[in-house]
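Numbering (the working numbering), first residue to last: 20 to 424. Just below is one structure, and these are the notes that go with it.
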Ligand SMILES: Cc1ncc(COP(=O)(O)O)c(C=O)c1O
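If you want it as structure tokens, here you go:
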């Protein structure tokens, strides 16, 4: 390999040596500062995806997060579940209090936290609700995205995520998103839980009809079913509130978090449990080598502190509304809809536009790094620290590209 690799060499090496499960735009992240990133040739882009909500504090890791991470990493390594460490207690207390919940099951990735929520729900169904062994059902929604493990793809409605990976895990029922009648119809005596994203991020930033989450939660309560919110992408300020469920006051029995939780540096996720679900799992029913890595938890604690101190959710609400309003003002009949909440925003094109990828490619030429999700949608999810001036910078370019499509 050449000593100093440029973008071209990096992309060639990645295509040659990395299993190709993604279809990235040809931008190589080399260094970053706030909402800006540079490729190895020094071309600058505005970060408009934030690693699907992970880099909410911008690039590289926020200095306070980095400091806490390094300070802790220099002190001691991983204790594993065989011993205790000094970060786990404070992390769990602070996160539980932040969420207004009882206990925290820490994990590493979003999909793992989803798996743990499923385990908790199933065990709750057998030991508390009285569902017969191996009969528990979990209701999920069409167009969902909860990760890539075999169990999680088992309830994906997208054939391309699961076609060749069977036999799949049974016990899931898929209903249309936003459809309360379908939810009520799907609930039966064996239903353990309803698992839902308050806004479907990967599915194209789909915001459910008003009142949906609140009424879904009421239905769950009425039928003794757990209400589980997957806020891996929507949570922790992204949607203009601490959690997207707060728009409808639909507090879940299990709240699943990830991405931003690691402060853009560490891999931290969690299944955060209410009183009802906090003590369902017991030794030795779960565990993970890396799930209580002290430096990662130290980073997460600082990320939460910054989120509150710097009022990032409130900021996302304000600049997000401004961003969406300006996007809605773009007059182009090929734009079907602009939607979202806070700084999770989508522009959906009509099929006649010929797909969203061409626009993300043109935006890339203009210095904006964003990505299509599904065929006809561009998702914009800049770091929560983005200023109004930076949004204006982006809008000037987005308007230029979208107005002439
Ligand atoms: C709502 C939701 N849940 C779960 C996941 C999976 O997270 P991870 O990729 O960390 O496993 C994602 C990832 O995009 C997500 O958006």
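Every residue gets a Cβ at the ideal spot worked out from N, C-alpha and C, and that includes glycine.
Short note on residue 256: C-beta not closer than 7 Å to any heavy atom of ligand 1.
Within its own chain, the residues whose Cβ lies closer than 8 Å to the Cβ of residue 161, once the five positions on either side in sequence are excluded, are 176, 193, 194, 195, 196, listed in chain order. Membership of residue 38 in any beta strand (DSSP E) is not indicated, and neither H nor E is assigned to it by DSSP. For the 8 Å CB-CB criterion, residue 24 and residue 399 do not form a contact.
For residue 239, the secondary structure class from DSSP, reduced to helix, strand or coil, is helix.
Residue 420 places its beta carbon less than 8 Å from that of residue 385. With a minimum length of 3 residues, the unbroken runs of beta strand (DSSP E) contained wholly in the stretch 287-350 fall at 288-292. Annotation: residue 418 is outside any beta strand (DSSP E); the continuous alpha helix (DSSP H) that includes it extends over 407-422. Separation of the CB atoms of residue 268 and residue 293 is rounded to 14 Å, and the pair is thereby denied contact status at 8 Å. Rounded to the nearest angstrom, the Cβ distance from residue 397 to residue 379 is 6 Å, consistent with a contact under 8 Å. Annotated as distal: residue 248 and residue 280, with beta-carbon spacing of 8 Å or more. Counting only runs of at least 3 residues, the stretch 141-195 fully encloses the following beta strand (DSSP E) elements, listed from N- to C-terminal order: 156-160, 191-194.
Screening all residues for a C-beta within a distance smaller than 6 Å of any heavy atom in ligand 1 leaves 71, 128, 129, 130, 133, 164, 165, 166, 216, 220, 221, 249, 251, 252, 277, in chain order. Between residue 152 and residue 141, the alpha-carbon positions lie close to 10 Å from each other. The stretch 144-158 makes contact with the stretch 194-214; the number of CB pairs closer than 8 Å reaches 3 or more. In the structure shown, the three-state DSSP call for residue 252 is coil.
Nearest Cα to residue 65 within the set 422, 423, 409, 418: 409. Given a length threshold of 4 residues, each whole run of the alpha helix (DSSP H) inside the stretch 98-142 is given here in chain order: 107-118.
Residue pairing for residue 51: DSSP places it in a beta bridge opposite 56. Spatial neighbours of residue 245 in its own chain (CB-CB distance under 7 Å, excluding positions within 5 residues in sequence) are listed in chain order as 140, 143, 211, 212, 239, 272, 273, 296. Residues of the same chain with their beta carbon placed closer than 6 Å to that of residue 137 are lacking, with the five preceding and five following residues left out of the count. Looking at the DSSP output, residue 368 sits in a beta bridge with 354. Distance between residue 53 and residue 84, taken at the CA atoms: about 14 Å. If you draw a straight line from the Cα of residue 168 to the Cα of residue 132, it comes to about 11 Å.
Excluding sequence positions up to five before and after residue 392, its CB lies within less than 7 Å of the CB of 221, 223, 398, all in the same chain and listed in chain order. Looking at the DSSP output, residue 390 sits in a beta bridge with 398.
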